[in-house]
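Numbering (the numbering used here), first residue to last: 1 to 293. The C-beta atom is built at its ideal place from N, Cα and C for all residues, glycine as well. Worksheet for the structure shown next.
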Ligand code: NAP
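Structural data, given as structure tokens:
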């Protein structure tokens, strides 16, 4: 894939992440123009060599690749409304603000109507982890925009992952992976209450769980392949085991006076699977419960 090397960039939004992105671009020799609502946050970057734009429109006019990273899309759209006078034509807009697939699609329409290319990105790393070979960044948008912005994206992550042309894909990946992480975290916290009740140190329990999770990736990959291929015949982990296990977790929460919300949700979902006649199928059949909703 051919990469156009554009060496001038603008960064709108200089919070913890945006300021990091601007600094990485300066370190790589880019001509960087920055803008932030609170001007004080521009000062350290000005000292590092960035030009501070007086308005968002001035910042857009100054860069070939326009990077935005602000709190949310409401903030993003409030800023973009101030750029109508800027010459967007021929530029590429890289939106790294977290949002939803629908917000990304809406912003792509807005950007293309202004004559620029659009990419949407999901950063799944903390500011101090940016700019490394293994920094996880997921990007979606039209291939032409990807080609235009690739050099800049490679400053932020050694191997940014291109998901495809639909602008909302990066947000979808963000929401899907966060769902996996928050589900696991809530399970961890519920487990912590079980162990507190048992008088067992939670830090030791965290170590035990971490040991199990390190091998759990293979199992998730296996179940993911089965779901993708619509394979539900019992091979590895029958649904019935989980129906019983989650009922036990809920019962123990009741017995011990532990918050019931998390196990009630789990047990309810597996009970629903049993009611749908899936008890004798592979765990992957849980997707049928969710698809039926
Ligand atoms: P932050 O430090 O809280 O900065 C928020 C930025 O948004 C600031 O530049 C702030 O401007 C601006 N902003 C908020 N409301 C605004 C408005 N109405 N108009 C104009 N500007 C507004 O946040 P951050 O950590 O940099 O995160 C920025 C984005 O990156 C978020 O979408 C976040 O989900 C995503 N992200 C962050 C991390 C992380 O670890 N930090 C990781 C992955 C993704 P002021 O300075 O003027 O308030």
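Checking 9 Å against the spacing of the C-beta atoms, do residue i and residue j come in under that value?
i: residue 167; j: residue 80; result: no
i: residue 119; j: residue 175; result: no
i: residue 92; j: residue 25; result: no
i: residue 27; j: residue 121; result: no
i: residue 82; j: residue 57; result: yes
i: residue 53; j: residue 62; result: yes
i: residue 302; j: residue 43; result: Since the first residue shown for the chain is 1 and the last is 293, residue 302 is missing from the structure and cannot be characterised.
i: residue 137; j: residue 128; result: no
i: residue 295; j: residue 9; result: The chain is shown only over 1 to 293; residue 295 falls outside these bounds and no answer can be derived.
i: residue 190; j: residue 262; result: yes
i: residue 252; j: residue 181; result: no
i: residue 86; j: residue 126; result: no
i: residue 7; j: residue 33; result: no
i: residue 73; j: residue 115; result: no
i: residue 282; j: residue 238; result: yes
i: residue 243; j: residue 206; result: no
i: residue 250; j: residue 267; result: yes
i: residue 164; j: residue 97; result: no
i: residue 141; j: residue 117; result: yes
i: residue 316; j: residue 156; result: In the structure as shown, the chain begins at 1 and stops at 293. Residue 316 is therefore absent and cannot be evaluated.
Which term fits residue i, buried or exposed, when burial requires 16 or more other beta carbons within 10 angstroms of its beta carbon?
i: residue 2; result: With a pLDDT of 36 at residue 2, under the threshold of 50, the modelled position of this residue cannot be trusted; read the value that follows with caution. Result: exposed.
i: residue 203; result: exposed
i: residue 144; result: exposed
i: residue 278; result: buried
i: residue 50; result: buried
i: residue 292; result: exposed
i: residue 47; result: exposed
i: residue 254; result: exposed
i: residue 270; result: buried
i: residue 285; result: buried
i: residue 139; result: buried
i: residue 16; result: exposed
i: residue 185; result: exposed
i: residue 101; result: buried
i: residue 4; result: The pLDDT assigned to residue 4 is 42, lower than 50, so where the model puts this residue is not dependable; a value taken from the coordinates is nonetheless given after this. Classification for residue 4: exposed.
i: residue 179; result: exposed
Considering just the uninterrupted stretch of the beta strand (DSSP E) at residue i, what are its terminal residues?
i: residue 20; result: No beta strand (DSSP E) contains residue 20, which is instead part of the alpha helix (DSSP H) from 16–27.
i: residue 161; result: 161–164
i: residue 137; result: 137–141
Kindly examine ligand 1 and report whether one of its heavy atoms sits closer than 8 Å to the Cβ of residue i.
i: residue 70; result: yes
i: residue 83; result: no
i: residue 248; result: no
i: residue 98; result: yes
i: residue 132; result: no
i: residue 124; result: yes
i: residue 101; result: no
i: residue 75; result: yes
i: residue 14; result: yes
i: residue 79; result: yes
i: residue 44; result: no
i: residue 23; result: no
i: residue 36; result: yes
i: residue 18; result: yes
i: residue 41; result: yes
i: residue 263; result: no
i: residue 127; result: yes
Could you tell me the boundaries of the alpha helix (DSSP H) in which residue i lies?
i: residue 220; result: 202–228
i: residue 189; result: 169–198
i: residue 268; result: 261–275
i: residue 256; result: 239–256
i: residue 12; result: No alpha helix (DSSP H) contains residue 12, which is instead part of the beta strand (DSSP E) from 8–12.
i: residue 288; result: 286–291
Mind checking if residue i is an interface residue toward chain C, Cβ cutoff 9 Å exclusive?
i: residue 237; result: Reference to chain C is not applicable here, since this structure consists of a single protein chain.
Legend entry - Any alpha helix (DSSP H) of 4 or more consecutive residues that is wholly inside the region 92–132: 101–113
Inset, instruction - Note down, one range per segment and in chain order, each alpha helix (DSSP H) of at least 4 residues found wholly within the region 32–75. - result: Correct list: 43–47, 56–62.
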